[in-house]
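Sequential numbering of the sequence shown, starting at 1179, is according to this note's numbering. Everything on this sheet refers to the single structure shown next.
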Amino acid sequence: MRMGEDKYRSIFVNALDGIAIHRIILDEHDRPVDFVFLEANNSFEKLACIKLSEIIGKRATQIFPGIEDTPLIETLGKVVIDGEPVSFENYFIPS
C-alpha cells in the first residue's frame, strides 16, 4: 500500500497542472457555501500566484473576497456531492 501512496504523491507533487484538494463546507440545507484548502501542489501555487503557506487551512472566502458571488463554490460542491468531474477556468485576484 505504501508504494501506491508514494506513486500518487509523486504524481500530485510533480504534476504540471495546478491541483488543490479542498473540504467543502455546507450550510444547514446541505448547499455548498465555502471550501477550505487542505493541500495544493507547486503548480497550483504558480498558477494562482499565491503562496501555499497563505492558503492551506483557510477558507476560499478569506483568500478570494467575492468568490461567494461566483458559481465556483457551487460547481466544486456539485463535484463533491455528485462525484462527477468538471472542467472549467476561473480568474480571481487574491486578497
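Glycine included, C-beta positions come from ideal geometry on N, C-alpha and C.
Check the DSSP bridge columns for His1200 and list the partner residues they point to. Position 22 of the sequence shown holds residue 1200. His1200 is bridged to Phe1215.
Please report the distance separating the alpha-carbon of Thr1253 from that of Asp1260. Translated into positions along the sequence shown, residue 1253 becomes position 75. Translated into positions along the sequence shown, residue 1260 becomes position 82. In a straight line, the C-alpha of Thr1253 is about 10 Å away from that of Asp1260.
Which residues in the same chain as Lys1236 place their Cβ atom closer than 8 Å to its Cβ, once the five residues preceding and following it in sequence are excluded? Taking the sequence shown and counting its residues from 1, the one referred to as residue 1236 is at position 58. Answer for Lys1236: Val1214 and Phe1215, listed in chain order.
Comparing C-alpha positions only, which one of Cys1227, Asn1219 and Glu1267 sits nearest to His1200? Translated into the one-based positions of the sequence shown, residue 1200 becomes position 22. Out of Cys1227, Asn1219 and Glu1267, Asn1219 has the C-alpha closest to the C-alpha of His1200.
Please give the ranges of any beta strand (DSSP E) in the segment 1212-1251, keeping only runs that are unbroken, at least 3 residues long and fully inside the region. none
Span of the alpha helix (DSSP H) around Glu1262: Along the sequence shown, one-based indexing puts residue 1262 at 84. Premise fails: Glu1262 is in no alpha helix (DSSP H) and is neither H nor E.
Please name the residue, chosen from Ser1231, Tyr1269, Gly1255 and Pro1263, that lies closest to Asp1212 on a Cα-to-Cα basis. Stepping through the sequence shown from its first residue, residue 1212 is reached at position 34. Out of Ser1231, Tyr1269, Gly1255 and Pro1263, Gly1255 has the C-alpha closest to the C-alpha of Asp1212.
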